[in-house]
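Asks: If you count by the numbering used here, then the sequence shown holds residues 8 to 69, one letter each, in order. Ideal Cβ placement from N, Cα and C applies to all residues, glycine included. Fair warning: this is a prediction, and the values are worked out from it, not measured in the lab.
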Amino acid sequence: MDDLIDEARALVIRTQWADVGALQRRLRVGYGRAHQLLDELEAEGVVGPSQGSLPRDVLRTS
Numbered sequence: 008m009d010d011l012i013d014e015a016r017a018l019v020i021r022t023q024w025a026d027v028g029a030l031q032r033r034l035r036v037g038y039g040r041a042h043q044l045l046d047e048l049e050a051e052g053v054v055g056p057s058q059g060s061l062p063r064d065v066l067r068t069s
């Protein structure tokens, strides 16, 4: 596990906002990496599935 997934998890839980654009801006990564991070967070149960252009539901608060 790398530090970037840890940062992404902490950011999503802290802000309760999960979308590719937010991760791109805050973590300074490209679209592909931000999307991959969200998919990893979905597999961990931190965020819900993709809803098209809407932000994903954040399922954890801590």
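1) State buried or exposed for M8, treating a residue as buried only when at least 16 other CB atoms are found within 10 Å of its CB.
2) What is the DSSP secondary structure of Q23, reduced to helix, strand or coil?
3) Give me whichever residues DSSP pairs with R63 in a beta bridge.
4) Mapping the DSSP letters down to three states, classify M8 as helix, strand or coil.
5) Checking 8 Å against the spacing of the C-beta atoms, do E49 and G55 come in under that value?
Replies: In terms of the structure at hand:
1) Residue placement at M8 is flagged as unreliable, the pLDDT there being 48, under the threshold of 50; the coordinate-derived value follows with that caveat. Exposed, by the Cβ-count rule.
2) It is coil, neither helix nor strand.
3) For R63, the pairing in a beta bridge is given by DSSP as A25.
4) Only weak support is given to the placement of M8: the predicted model assigns it a pLDDT of 48, under 50, and the value that follows is read from those uncertain coordinates. In the three-state DSSP reduction, M8 falls in the coil class, being neither helix nor strand.
5) Contact flag set, yes.
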